[in-house]
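In terms of my numbering, the sequence shown is numbered consecutively and its last residue is 172.
Ideal Cβ positions, reconstructed from N, Cα and C, are used throughout, including at glycine.
Quick notes on the structure that follows.
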Amino acid sequence: MAARFLWASRVASHLRISVAQRGFSSVVLKDLKYAESHEWVKINGNKATFGITDHAQDHLGDVVYVELPDLGRSVSQGESFGAVESVKATSDINSPISGTVVEVNEVLTESPGLVNTSPYEEGWIIKVELSDACEAQKLMDSDKYSKFCQEEDAKH
17 MAARFLWASR VASHLRISVA QRGFSSVVLK DLKYAESHEW VKINGNKATF
67 GITDHAQDHL GDVVYVELPD LGRSVSQGES FGAVESVKAT SDINSPISGT
117 VVEVNEVLTE SPGLVNTSPY EEGWIIKVEL SDACEAQKLM DSDKYSKFCQ
167 EEDAKH
């Protein structure tokens with residue numbers, strides 16, 4: 017069993033994902049930043065892509081609707097810009113970093129379940145042009161986010 021976990025750890029490291037440990041089974045990608053409200057952000061130059069984390073979608077259950085913002089809308093770090101509705105609940109989507117919306121994932125209007133099946137790839141929600149890239153320093157890296165989720169889950 018230990019050899020299998022070691023192998024899985026090496027593969028996960030190569031794929032740049034965290035390995036599930038002690039009951040925490042959500043996928044956390046190493047090259048992203050994370051907000052305490054469970055949104056992820058991938059920064060590429062002066063643009064960023066946002067979505068909700070695997071941990072968030074797992075707790076929400078099957079997503080049935082995603083409310084998307086209008087193009088050109090300004091979003092501010094920590095403020096709501098949309099919502100995700102699941103069979104369990106409706107949850108606000110907060111902006112992990114400030115900017116102007118330059119693209120929305122229209123595919124989610126017809127296939128909101130992509131948020132569940134591919135939260136970091138096909139289930140991304142918006143892309144923004146950053147207004148202050150320094151805000152990313154306030155976000156968690158993958159290790160801190162994994163620990164944050166473990167601690168949060170232990171409380172419930």
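Item                                                                                                                                                          : Value
Report yes if the CB atom of Ser55 is closer than 8 Å to the CB atom of Asn121, and no otherwise.                                                             : According to the sequence displayed, residue 55 carries Glu and not Ser. No.
My output table needs one value for Leu155: the three-state DSSP class, helix, strand or coil.                                                                : coil
Using a Cβ-Cβ cut-off of 7 Å (strictly less than) and excluding sequence neighbours within five positions of Ser107, which residues of its own chain qualify? : Leu76, Ala99, Val100
Closer than 8 Å is the cut-off here; do at least three beta carbon pairs connect the segment 150 to 162 with the segment 51 to 67?                            : yes
In the structure shown, what three-state DSSP assignment does Val131 receive?                                                                                 : helix
Which partner residues does Ser96 have in the DSSP bridge list?                                                                                               : Asn110
In terms of residues, what are the limits of the beta strand (DSSP E) holding Ala64?                                                                          : 63 to 68
Okay, do the segment 61 to 75 and the segment 128 to 145 touch, 3+ Cβ pairs below 8 Å being the bar?                                                          : yes
Just to confirm, are Thr116 and Val144 a CB contact at a threshold of 8 Å?                                                                                    : yes
DSSP three-state label for Glu138, please.                                                                                                                    : coil
Would you mind sorting Gln153 into buried or exposed? The rule is 16 or more other CB atoms within 10 Å of its CB.                                            : exposed
With distances taken between CB atoms, is the gap from Leu124 to Val82 smaller than 8 Å?                                                                      : yes
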